[in-house]
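Worksheet for the structure shown next.
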Amino acid sequence: MYRSDTIAAISTPVGEGGIGVVRLSGAEAIEIAQRVFRRRSPKPLQPNRVYFGEVVDPDTGKMLDRALLIPFRAPRSYTGEDIAELHCHGSPYLLRRVLDLVCRLGARLAQPGEFTMRAFLNGKIDLAQAEAVADLIRARSEAQLRSALALHTGALSQKAQSLSDALLSLLAT
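Numbering of the sequence shown is given in the working numbering, commencing with residue 28 and proceeding in unit increments.
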């Protein structure tokens, strides 16, 4: 794993929206998310499942929102680390409150691009795929979208690997 600390960020665009996502990644991601998430069932969370409940301030017990929690266990996540996503209503104020809560409980504010950097450093994506994430986010046309998707799905990396294998085969003979 790249680092042992847990990072958090609002992962949806700035501004009002129907849904906003606060994402955590790192060793304590799921545990921190569980401390601010209340649900009816006492059963343990299973990875890659969606849970309905409430985001609460653990100090006051006050509900901030009804929300969804999706936990992902390492290594089966985008970053290769434990991830928790809290899907709340998209109020910028609410999302900042939730982000403040998880940071108060031990996460730190992620730097721009840090989730993708961790995915790269943990071997989940290669450099071309990491670059493609920014291209996907900025795509403004069908051509840009298709180009970014080709990079993101590994098309360039696969061609480069094929060429490398062919060259090594030639050198070996």
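Built from N, CA and C at the ideal position, the CB exists for glycine as well.
| Query | Result |
| --- | --- |
| Looking at A134 and the ligand ATP, is the gap between the Cβ and the nearest heavy atom below 8 Å? | The model on display carries no ligand, and the ligand ATP is accordingly not part of it. |
| Which residues mark the beginning and the end of the alpha helix (DSSP H) in which S174 is found? | 169-179 |
| Taking 9 Å as the threshold (C-beta atoms), are G80 and R67 in contact? | yes |
| Measuring alpha carbon to alpha carbon, tell me which residue in T106, F64, R135, H116 is nearest G45. | H116 |
| Measuring only the C-alpha atoms, how far is A155 from Q171? | 15 Å |
| With a threshold of 16 other CB atoms inside 10 Å of the CB of A161, please say whether the residue is buried or exposed. | exposed |
| What is the DSSP secondary structure of S52, counted as helix, strand or coil? | strand |
| So for P98, helix, strand or coil by DSSP? | strand |
| Tell me, to the nearest whole angstrom, how far the beta carbon of A137 is from that of I34; I am working on the premise that it is less than 8 Å. | 4 Å |
| Between H179 and chain C, is the shortest Cβ-Cβ distance under 9 Å, so that the two count as touching? | Going by chain labels, chain C is absent from the structure shown, which holds only one protein chain. |
| How would you label L53, buried or exposed, when you count the other beta carbons within 10 angstroms and need 16 or more for buried? | Going by the sequence as given, residue 53 is Gly instead of Leu. So G53 ends up on the buried side. |
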